[in-house]
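Trainee:
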Amino acid sequence: MLAYRMNTADKRRRLWFVVCALIAAAGITMPAAAPAESKAKAALKIYISVDMEGVAGVVTADQLTPGGFEYERFRRFMTDEAIAAVQGAKAAGATEVVVSDSHGNGENLLIELMPKDVRIVRSWPRHGEMMAGLDPSFGAALFVGYHASTTSPNGVRAHTISSAHFTRVALNGTAVTEAELNAAFAGALGVPVVFISGDDAAVNEVTMRLGGMESVITKKSLGFHSAESLTPAAAVEKIYQGSLAAVSHREQRKPYVLQTPISLEISFKSYTSAEIVSYLRSVERSDAHSIRFVGKDMAEVMDFIVFLNYYNPEMAP
Ligand SMILES: [Zn+2]
396 MLAYRMNTAD KRRRLWFVVC ALIAAAGITM PAAAPAESKA KAALKIYISV DMEGVAGVVT
456 ADQLTPGGFE YERFRRFMTD EAIAAVQGAK AAGATEVVVS DSHGNGENLL IELMPKDVRI
516 VRSWPRHGEM MAGLDPSFGA ALFVGYHAST TSPNGVRAHT ISSAHFTRVA LNGTAVTEAE
576 LNAAFAGALG VPVVFISGDD AAVNEVTMRL GGMESVITKK SLGFHSAESL TPAAAVEKIY
636 QGSLAAVSHR EQRKPYVLQT PISLEISFKS YTSAEIVSYL RSVERSDAHS IRFVGKDMAE
696 VMDFIVFLNY YNPEMAP
């Protein structure tokens, strides 16, 4: 079923006003603003990484790729979900927001619809991949439109980094989702992940690995290419509320930090990919289709993933 956590920020605000009313009745001077409002004045940078497979209504390549007959409409829905997260973060006190277009060609979001004080990370390749531009000055990170991992038996369009080439991506011996990989990258910079939206498989995988967090299930996966989905309008409303609550309570979430050095294992669909990558002296071939690379930190691991995913001798210019 489609589950959603109650907005505790609203409950807290309601409680605050009841307390203020009781204090006023007792003849005591009240403070000028509720805690949430006074917190809003401090600088707070929020990072929002937006993928597309987990957006409400997305089920096939018809919505996910330029040329798909529904792509143009679904870029708009993806943009609307991103804006809902931006507005929720701002309502919770964010003073600066960076949105990363982290799907496909990295050129999906309709940037003219974004609030003018938001900055947008676009296209590839880039250091940090789906988290490019994140640094320790950010207070929290949010994931919108995320999907399950390639090793998950459930999940709409489940994959990790590359559906075309990778069958498993693991960190320190455990298969990860893109969300866990990105959370580890953020965690190494001291930034906690406070929110995720996507299908039920994506949300369940992430909360199982990273612990409970504010989340919005946009659809129930019925298979790789099928789901029972919220409408775009309903998803937008829930993402706004979830983002507001998540950013309001960001102190409750700790950065997700992996032990270093970090072992990265990647299994390729094709045999020769594993063979040729293992020519690098820094790479060990762990089985016929898999390689292992040990990075000193998450930044090095992420750079290695980006290299594997993008290098092609025919690339130009
Ligand atoms: Zn994607």
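For the sequence shown, this note's numbering assigns the number 396 to the initial residue and increments by one for each residue that follows.
Even glycine gets a Cβ: it sits at the ideal position worked out from N, Cα and C.
This one's a predicted model, so the numbers in the text were calculated from it and none came from an experiment.
(1) Around the Cβ of VAL458, are there at least 16 other Cβ atoms within 10 angstroms (buried) or fewer (exposed)?
(2) Under 8 Å Cβ to Cβ from HIS522, same chain only, skipping five residues before and after it: list those, please.
(3) From VAL551 to VAL454, what does the alpha carbon distance come to, in whole angstroms?
(4) Compute every distance between the C-beta of ASP446 and the non-hydrogen atoms of ligand 1, then say whether any falls below 7 Å.
(5) Could you compute how far the alpha carbon of ILE714 sits from the alpha carbon of ALA578?
(6) Tell me which residue opens and which closes the beta strand (DSSP E) that ILE443 is part of.
(7) Is the beta carbon of GLY452 sitting closer than 8 Å to the one on PHE469?
(8) Within a Cβ cutoff of 6 Å, which residues of the same chain sit near SER532, ignoring the five residues on either side of it in sequence?
(9) With a CB to CB cut of under 6 Å and the five nearest residues on each side skipped, what residues in its chain are close to HIS554?
(10) Can you list, in chain order, the residues of its chain with a C-beta nearer than 6 Å to that of SER389? Leave out the 5 residues immediately preceding and following it.
(11) Verify the contact flag: GLY499, CB atom, against every heavy atom of ligand 1, threshold strictly below 7 Å.
(12) If contacts are defined as beta-carbon pairs under 8 Å, then SER638 and GLY483 qualify, I think. What distance do you get, rounded to the angstrom?
(13) Which value, in whole angstroms, describes the spacing of the CA atoms of PHE619 and ASN549?
(14) Could you tell me the distance, in whole angstroms, from the CA atom of GLY488 to the CA atom of ALA536?
(15) Please report the distance separating the alpha-carbon of GLU660 from that of THR626.
(16) In chain order, what residues of the same chain lie with their CB nearer than 6 Å to the CB of PHE538, ignoring the 5 residues before and after it?
(17) Can you give, in chain order, each stretch of the beta strand (DSSP E) that sits fully within the segment 449 to 489 and has at least 3 residues?
(18) Buried or exposed: which applies to ARG514, given that a residue is buried once 16 or more other Cβ atoms fall within 10 Å of its Cβ?
(19) At the level of alpha carbons, what is the spacing between LYS691 and THR655?
(20) Would you decide whether TYR674 is buried or exposed? Buried here means 16 or more other CB atoms lie within 10 Å of its CB.
(21) Taking DSSP as the reference, what is the three-state secondary structure of LEU675?
(22) Considering Cα atoms alone, identify which of SER547, GLU646, TYR706 is closest to MET603.
(23) In three-state DSSP terms, what is ILE515?
(24) According to the Cβ coordinates, are THR572 and ALA527 closer than 8 Å?
(25) Have a look at GLY499 and SER518 and give me their C-alpha separation to the nearest angstrom.
(26) Jot down the residue ranges of each uninterrupted beta strand (DSSP E) in the segment 642 to 674, minimum 3 residues, whole runs only, in chain order.
(27) Can you list, in chain order, the residues of its chain whose CB lies under 7 Å from that of GLY449, leaving out five sequence neighbours each side?
(28) Which residue or residues does DSSP assign as beta-bridge partners of GLY523?
Mentor: Working from what's here:
(1) First, the amino acid is wrong: residue 458 is Gln here, not Val. Of the residues assessed, GLN458 falls on the buried side of the cut-off, its CB having 16 or more other CB atoms within 10 angstroms.
(2) Excluding sequence neighbours, HIS522 sits near ALA694, MET697, ASP698, VAL701.
(3) Straight-line Cα distance between these residues: approximately 6 Å.
(4) Yes, the Cβ of ASP446 comes within 7 Å of a heavy atom of ligand 1.
(5) Here the chain covers residues 396 to 712 and nothing more, so residue 714 does not appear.
(6) ILE443 -> beta strand (DSSP E) spans 440 to 445.
(7) Yes. Within cutoff.
(8) So the list reads LYS440, once near-sequence residues are dropped.
(9) Closer than 6 Å at the Cβ level, and outside the excluded window around HIS554, lie THR545.
(10) The displayed coordinates of the chain run from 396 to 712. Any statement about residue 389 would go beyond what the structure contains.
(11) For ligand 1, at least one heavy atom lies less than 7 Å from the Cβ of GLY499.
(12) Yes, SER638 and GLY483 are in contact; Cβ-Cβ is about 3 Å, under 8 Å.
(13) Distance from the CA of PHE619 to the CA of ASN549, rounded to the nearest whole angstrom, comes to 7 Å.
(14) Cα to Cα, GLY488 sits roughly 14 Å from ALA536.
(15) Cα to Cα, the separation comes out at about 38 Å.
(16) Only SER444, ALA574, ILE591 meet the Cβ criterion.
(17) Contiguous beta strand (DSSP E) elements confined to the segment 449 to 489 do not occur, taking only those with 3 or more residues.
(18) Classification of ARG514: exposed, given that the 10 Å Cβ count is below 16.
(19) Going by the C-alpha atoms only, they are around 6 Å apart.
(20) Looking at its Cβ environment, which holds fewer than 16 other Cβ atoms inside 10 Å, TYR674 is exposed.
(21) Three-state result, LEU675: coil.
(22) Nearest C-alpha to MET603: SER547.
(23) Strand.
(24) Taking 8 Å as the Cβ cut-off, THR572 and ALA527 do not qualify as a contacting pair.
(25) Each residue's Cα considered, the two are about 9 Å apart.
(26) Correct list: 657 to 663.
(27) GLY540, TYR541, HIS542, SER592, GLY593, ASP594, ALA597, THR613.
(28) Partner(s): none; GLY523 has no beta bridge.
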